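> Sending over a structure as structure tokens; questions will come in a sec.
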Amino acid sequence: MDSYIKRIDIALQNHTGGWVKRFRFELQFFHELSAHHINHWLDAAIPGIEELTLELPRDDKTKYRFPCKLLFEKGCSIQSLCLYSCAFRPDLGACSFRNLKRAYFSLHVNISIYPWFNLFEYARKELPTVAPNVETLFLMSANEVGYFYPRIFQPHGRFLHLKYLELAIVGPRNYGFGYQYTYLVTFLRASPVLETFILHVEESAKEPYPLVFNPKYLKIHLLPEHSHQSIKHVTVTGFCHKQEPVELIFYILENATSLQCLTLDNRIRGFGKDLVACITQDTGTRDYQEWWNNFGVKERILHFFRREFYPKSDWEAYCSYVAIRKYIIGRVPSSVELKIPVVPSDEIISRLSKVESELLKD
């Protein structure tokens, strides 16, 4: 450990200066690294830099607190900030990232945002004050608990410059979040110039049965209309056959007047390691398949998944496609391009429609 610390010290001594604009501290394997050393390195690196990435071990019990005040006192010029597995607690009134244009906050397992329960809620209410000029925002959370979201949509600060918003809900712990997808509408309303909205939904939001509901009884109609004139591109990966995500799509189709492209992809993109890490920590299991076998859906459904000609991926693609076909396609305006990257073959649709009929009978 000491040798690595010395090497980093030497590197910073040789490369700091006004001409260095980008620093990446990838320290995810340094489990015994002290906060003193990290603070020392940031103190040396911060003056004049525009892009900062700090990645720390996600499984450390004591989370490093990012020194927001240090950046503020140094005359923060950071335009891009990427944080992994550390506490981010900017003191309101004492810290401001007014030059920040791109923020990437990965909650991983348990980044501290006390007293908030959820990263998304924290970002929605606090970031407009801390980073009012942010243009690109990526948030990934494994701890979202939808039951703690307020039922009444109260106005807060606005992201007046936000053009790109990407949200990822990772891990099996967020069963409660599935009932609060409409809360994400507050992000859209707070971003008047937003052009691109991407939402990643992970495995825990999946249901074993195809979606059946009456479109006349939708919670989304309880929300007042709001014209989103700038949104042009919307993408949902891990799109699942639940009523709440479908309602969110309804809202976007009805209110995004400039929408050009809607992509609904049932596949999960890019968060495999985070998903496995959350699963193994929560349940003590070794990998996702073991978690699914022990804590997944009922054995009767797993029976179909285990059979070679009913793989789980085919079943999920089928259920998602049925939901899109039954409830969404008819609502898409002719001016909007609808992309469905995964469409089951006619053979799979024929086979699984019979399985669906048997399940509904039972």
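Note that the UniProt record's numbering numbers the sequence shown so that position 109 is 109, with each residue one more than the last. Each residue gets a CB set at the ideal place from its N, CA and C atoms; glycine is no exception. Quantities reported herein were computed from a predicted structural model and do not represent experimental measurements.
#1: List the whole-angstrom C-beta distance separating Pro67 from Phe30, where the pair is believed to meet the contact cut-off of C-beta under 8 Å.
#2: Would you decide whether Tyr327 is buried or exposed? Buried here means 16 or more other CB atoms lie within 10 Å of its CB.
#3: In whole angstroms, what is the alpha-carbon distance linking Asp43 and Ser320?
#4: Given Arg307, which residues of its chain have a CB within under 6 Å of its CB, disregarding the five upstream and five downstream residues?
#5: Hey, is the stretch 345 to 353 in contact with the stretch 254 to 268, meaning 3+ C-beta pairs nearer than 8 Å?
#6: Considering Cα atoms alone, identify which of Ser227, Leu139 and Gln260 is closest to Tyr251.
#7: In three-state terms, what does DSSP make of His228?
#8: Assuming Phe25 is part of the beta strand (DSSP E), what are its boundary residues?
#9: Which residues share a DSSP beta bridge with Phe239?
#10: For the alpha helix (DSSP H) that contains Lys125, what are its first and last residues?
#11: Since I believe Leu162 is in contact with Val193 (beta carbons under 8 Å), could you give me their beta-carbon distance rounded to a whole number of angstroms?
#12: Determine whether the beta carbon atoms of Leu100 and Leu81 lie at a separation below 8 Å.
#13: For Phe23, which residues of its own chain have a beta-carbon under 8 Å away from its beta-carbon, when the five flanking residues on both sides are left out?
#14: Going by Cα to Cα distance, which pick from Tyr104, Glu225 and Ala131 is closest to Ala168?
#15: Let's test the definition: count the other Cβ atoms within 10 Å of the Cβ of His108 and tell me whether it reaches 16, buried, or not, exposed.
#16: Just to confirm the assignment, what range does the beta strand (DSSP E) spanning Phe264 have?
#17: Take the Cβ of Thr257 as the centre, count every other Cβ of all protein chains shown within 10 Å, and call the residue buried at 16 or more, exposed below.
#18: Using the Cα positions of His233 and Cys261, report the straight-line distance between them to the nearest angstrom.
#19: If you reduce the DSSP assignment to three classes, tell me which class Tyr321 lands in.
#20: Counting only the same chain and skipping the five closest in sequence on each side, list residues whose C-beta sits under 6 Å from that of Lys339.
#21: Please state if the CB of Val246 and the CB of Ala123 are separated by a distance shorter than 8 Å.
#22: Could you please give the first and the last residue of the uninterrupted beta strand (DSSP E) stretch that includes Glu185?
#23: Could you tell me how far apart the beta carbons of Leu165 and Leu137 are, in whole angstroms, since I believe they sit closer than 8 Å?
#24: Measuring alpha carbon to alpha carbon, tell me which residue in His37, Leu253 and Thr235 is nearest Phe330.
#25: How is the beta strand (DSSP E) around His200 delimited, first residue to last?
#26: Kindly indicate which three-state DSSP category Lys354 falls into: helix, strand or coil?
#27: How would you label Asn14, buried or exposed, when you count the other beta carbons within 10 angstroms and need 16 or more for buried?
#28: Is Phe250 helix, strand or coil by DSSP?
#29: When you compare each of Leu188, Gly157, Leu139 and Phe187 to Val170 by their alpha carbons, which one comes out closest?
#30: Among the candidates Arg65, Val130, Phe97 and Phe187, whose CA atom is the shortest distance from the CA of Ala87?
#31: Grab me the residues of residue 375's own chain with a C-beta within less than 6 Å of its C-beta, minus the 5 sequence neighbours each way, in chain order.
#32: Inspect the beta-carbon positions of Glu55 and Glu26 and report whether they are closer than 8 Å.
#33: Quick check on DSSP: helix, strand or coil for Arg65?
#34: Between Phe159, Tyr183 and Thr237, which has its C-alpha nearest Ala190's C-alpha?
#35: Run the CB neighbour count on His241, radius 10 Å, all protein chains shown included, and call it buried at 16 or more, exposed below.
#36: Please name the residue, chosen from Ser34, Glu135, Gln79 and Thr182, that lies closest to Gln243 on a Cα-to-Cα basis.
With the structure as the only source:
#1: With a beta-carbon spacing of about 17 Å, Pro67 and Phe30 fall beyond the 8 Å limit used to define contacts.
#2: buried
#3: 49 Å
#4: At Arg307, the pLDDT of 37 sits below 50, so the modelled position is not reliable and the matter cannot be decided from this model.
#5: With a cut-off of 8 Å, the stretch 254 to 268 and the stretch 345 to 353 do not count as touching, because too few Cβ pairs lie within range.
#6: Tyr251 has its Cα closest to that of Ser227, out of Ser227, Leu139 and Gln260.
#7: coil
#8: Going by DSSP, Phe25 is part of the beta strand (DSSP E) stretching over Arg22 to Glu26.
#9: According to DSSP, Phe239 bridges with nothing at all.
#10: Leu119 to Val130
#11: 7 Å
#12: yes
#13: Ala45, Ile49, Glu51, Leu52 and Thr53
#14: Tyr104
#15: Its pLDDT being 49, under 50, His108 is placed unreliably by the model, and nothing is read from it.
#16: Here the sequence assigns Leu to residue 264, which means Phe is not the residue at that position. Start and end: Cys261 to Asp265.
#17: Its Cβ having fewer than 16 others within 10 Å, Thr257 is exposed.
#18: 5 Å
#19: helix
#20: Result list for Lys339: Thr263, in chain order.
#21: no
#22: Reading off the sequence, residue 185 comes out as Val, not Glu. Here Val185 belongs to no beta strand (DSSP E); instead the alpha helix (DSSP H) covers Val185 to Arg189.
#23: 5 Å
#24: For clarity, residue 330 is Gly in the given sequence; the question names Phe instead. Out of His37, Leu253 and Thr235, Leu253 has the C-alpha closest to the C-alpha of Gly330.
#25: Thr196 to Val201
#26: Helix.
#27: exposed
#28: helix
#29: The residue from Leu188, Gly157, Leu139 and Phe187 with its alpha-carbon nearest to that of Val170 is Leu139.
#30: If we check each option's Cα against that of Ala87, Arg65 comes out closest.
#31: Because the chain here runs from 1 to 362, residue 375 falls outside it and cannot be looked at.
#32: yes
#33: strand
#34: The residue from Phe159, Tyr183 and Thr237 with its alpha-carbon nearest to that of Ala190 is Phe159.
#35: buried
#36: Thr182
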